[in-house]
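Numbering (the working numbering), first residue to last: 12 to 341. We put the beta carbon where it would ideally sit given N, CA and C, even for glycine. In this text the structure is predicted, and so the values were computed from the model without any measurement.
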């Protein structure tokens with residue numbers, strides 16, 4: 012097994028960094044697989060509840076700094092507009108607290124990474140080995156069942172079929188993460204580029220860091236190169252995330268500047284093309300009121316075909332224009 016793992020590390024991190032990467036990744040990989048082996052004794056309800064356990068752990072870890080952030084935000088709201096200097100001081104303090112919070116969030120996510128990855132792998136196994144996965148129905152399940160044929164509510168139970176529609180056709184979930192894919196997920200979470208050939212499971216790899224970072228409650232953006240991939244990947248992976256209590260949406264379903272587009276950004280995981288994310292950012296810079304914004308504070312993004320998005324497509328700038336008041340008067 013470790014022969015293939017080492018080869019995967021060399022490919023993912025680069026040959027020169029292989030030894031360093033091995034020392035960092037292999038203990039994490041062993042921990043993921045140890046936890047994964049223990050999860051098969053959990054009921055489906057207990058497995059699903061892991062998401063709530065993770066969120067509570069993150070909330071407890073960040074509780075003190077979040078309380079301080081909320082205190083300062085309320086203090087800013089109580090100050091009158093003419094107290095500019097006092098507001099500037101508070102905004103600077105708030106900015107520093109947000110940076111500290113980001114660092115602390117990374118710290119706790121690193122701690123729970125092995126178990127979170129194991130939960131995704133175990134969920135994938137259950138969907139692969141069972142035509143129907145049954146659990147106690149949640150409010151999210153009931154909402155999804157209205158429009159999703161693969162989710163059925165029967166009394167207080169929900170039944171997730173392991174076959175659903177994606178990209179205009181029916182797909183059957185039959186994927187369980189290999190070690191190299193777990194390593195790829197770790198590489199993406201730690202800000203590296205994971206190079207994988209077609210058919211090696213890039214879409215499956217993305218489920219790992221997407222789930223982990225969505226637990227932070229500040230949204231994950233999954234950036235693809237075209238409309239088809241955005242829709243396909245969101246439809247393909249959504250049931251796995253939904254089963255674990257996360258919401259998923261796709262920008263390509265909704266018009267720009269619409270209420271639905273704004274709601275799509277509030278999902279735990281949002282899929283879309285690089286152009287749609289980019290143009291929404293530009294539009295947000297032209298609004299007059301905060302309520303008109305569609306995006307929120309950027310947290311974490313995974314970019315598919317990163318060489319195409321950041322090199323090839325980057326040669327063509329995104330340009331947006333709007334009317335200038337009295338701009339035609341000489």
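According to DSSP, is residue 342 helix, strand or coil? It is not possible to answer for residue 342, since the shown part of the chain is limited to 12 through 341.
For residue 102 and residue 83, what's the separation of their Cα atoms in angstroms? 8 Å
Enclosing alpha helix (DSSP H) for residue 200 [first to last residue]: Annotation for residue 200: the continuous alpha helix (DSSP H) segment containing it runs 190–200.
Nearer than 8 Å: is that true of the beta carbon of residue 318 relative to any heavy atom of the ligand ZN? Here there are no bound small molecules, and the ligand ZN is not part of this structure.
Within 10 Å of its beta-carbon, does residue 213 have 16 or more other beta-carbons around it, so buried, or fewer, so exposed? buried
Taking the continuous alpha helix (DSSP H) assigned at residue 247, which residues delimit it? 238–254
Should the region 262–277 be called in touch with the region 177–196, which here means at least 3 C-beta pairs below 8 Å? At 8 Å Cβ cutoff, the stretches do not touch.
Report all residues from its chain with a CB closer than 6 Å to the CB of residue 263; omit the five preceding and five following residues, and keep chain order. If the five residues before and after residue 263 are omitted, its C-beta is found closer than 6 Å to the C-beta atoms of 238, 241, 242, all from its own chain and listed in chain order.
Just tell me which of 112, 142, 252 has its CA closest to the CA of residue 70. 112
Residue 15 versus residue 189: straight-line alpha-carbon distance, rounded: No answer about residue 15 holds up, because its pLDDT of 45 lies below 50 and its placement is not dependable.
Quick check: the Cα distance between residue 292 and residue 43, rounded to an integer number of angstroms? 36 Å
Ordered along the chain, which non-local residues of its own chain (more than five positions away) have a Cβ less than 7 Å from that of residue 307? Counting only Cβ-Cβ distances below 7 Å, and skipping sequence neighbours, we find 230, 276.
How close, in whole Å, do the beta carbons of residue 147 and residue 168 come, if the pair is a contact with beta carbons under 8 Å? Under the criterion of beta carbons closer than 8 Å, residue 147 and residue 168 qualify as touching, at roughly 6 Å.
Closest by C-alpha distance to residue 191, when choosing among 206, 299, 89: 206
With three or more C-beta pairs closer than 8 Å as the rule, is the region 55–63 touching the region 72–81? no
Residues sharing a beta bridge with residue 184, DSSP: Its beta-bridge partners do not exist; DSSP assigns none.
Spatial distance of residue 285 from residue 100 (CA atoms): 36 Å
State the DSSP-derived secondary structure class of residue 207, mapped to helix, strand or coil. coil
Taking three-plus beta-carbon pairs below 8 Å as touching, is the region 83–99 in contact with the region 152–172? no
Please classify residue 131: is it buried, with 16 or more other beta-carbons within 10 angstroms of its beta-carbon, or exposed? With 16 or more Cβ atoms within 10 Å of its Cβ, residue 131 is classed as buried.
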